[in-house]
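Here the structure is laid out as structure tokens; the discussion comes afterwards.
Residue numbers (this note's numbering): 255 to 439.
Put into structure tokens, the structure is as follows:
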């Protein structure tokens, strides 16, 4: 993708596949109160509440809209991820007049990697943290390969890793090196 070191083809090893989530639109929703006026505006615009601590939710939206993921990042911040550019734009417009928070577009600054396979948890543990293995509908901020990362799961068998673009190549290099030594490979 943009820096040439993100995978154009999936990285694979027995029981695991890693790829860059194509077309991802990302934003952070920053707010003062998780149940204040900005949270009400998010609910009105998405049909979903801001997730509580360590929560993640998939909002299917209206007919013809792509899914939107809301993932807790901190007590005053939630990630909003979608592959639907129009939905991303509509959400930004809907939240612009809201008080008590703001929508910050991170599309150019945040990369999303997708892990699939029964050995995803093994990969996360080898990269540095059992604490970042999310259960379904969970979002876990922490560090992988010494890089701040948010690991989240909203679909069975799939883990998403959100990482600052500046560190995505570093994380991918660690993943490549780890998969090169993968047992059974």
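Ideal Cβ placement from N, Cα and C applies to all residues, glycine included.
>> Suppose you measure from the CA of residue 356 to the CA of residue 275; what does that come to, to the nearest Å?
In response: Position 102 of the chain shown holds residue 356. Position 21 of the chain shown holds residue 275. Using only the alpha carbons, I get a separation of about 25 Å.
> Would you say residue 324 and residue 315 are within 7 Å of each other, going by their C-beta atoms?
Replying inline: Here residue 324 corresponds to residue number 70 of the chain shown, with the count starting at 1. Here residue 315 corresponds to residue number 61 of the chain shown, with the count starting at 1. Going by C-beta atoms, residue 324 is not nearer than 7 Å to residue 315.
>> Taking the beta carbon of residue 413 as the centre, do at least 16 other beta carbons fall within 10 Å, making it buried, or is it exposed?
In response: The residue labelled residue 413 in the question sits at position 159 within the chain shown. Residue 413 comes out buried.
> Name the DSSP beta bridge partners of residue 310, please?
Replying inline: Position 56 of the chain shown holds residue 310. Beta-bridge pairing links residue 310 to 325.
>> Suppose contacts are defined by Cβ-Cβ distances below 7 Å. Is residue 382 in contact with residue 398 by that definition?
In response: What you label residue 382 is simply residue 128 of the chain shown in a count that begins at 1. What you label residue 398 is simply residue 144 of the chain shown in a count that begins at 1. Against a cut-off of 7 Å, the Cβ pair of residue 398 and residue 382 comes out as a contact.
> Run through DSSP, which three-state label would residue 431 get?
Replying inline: Residue 431 sits at position 177 when you count from the first residue of the chain shown. Correct three-state label for residue 431: helix.
> Hey, out of 283, 374 and 436, whose CA is closest to residue 350's CA?
Replying inline: The count along the chain shown starts at 1 and reaches residue 350 at position 96. For the residues 283, 374 and 436, the minimum Cα distance to residue 350 belongs to 283.
> Just how far apart, CA to CA, sit residue 312 and residue 401?
Replying inline: In the chain shown, the residue the question calls residue 312 occupies position 58. In the chain shown, the residue the question calls residue 401 occupies position 147. Take the alpha-carbon of residue 312 and the one of residue 401: they are about 25 Å apart.
>> Please report the straight-line C-alpha distance between residue 379 and residue 373, rounded to a whole angstrom.
In response: Position 125 of the chain shown holds residue 379. Position 119 of the chain shown holds residue 373. Cα to Cα, residue 379 sits roughly 10 Å from residue 373.
> Between the beta-carbon of residue 404 and the beta-carbon of residue 416, is there less than 7 Å?
Replying inline: What you label residue 404 is simply residue 150 of the chain shown in a count that begins at 1. What you label residue 416 is simply residue 162 of the chain shown in a count that begins at 1. Their beta carbons are under 7 Å apart, which means residue 404 touches residue 416 by this criterion.
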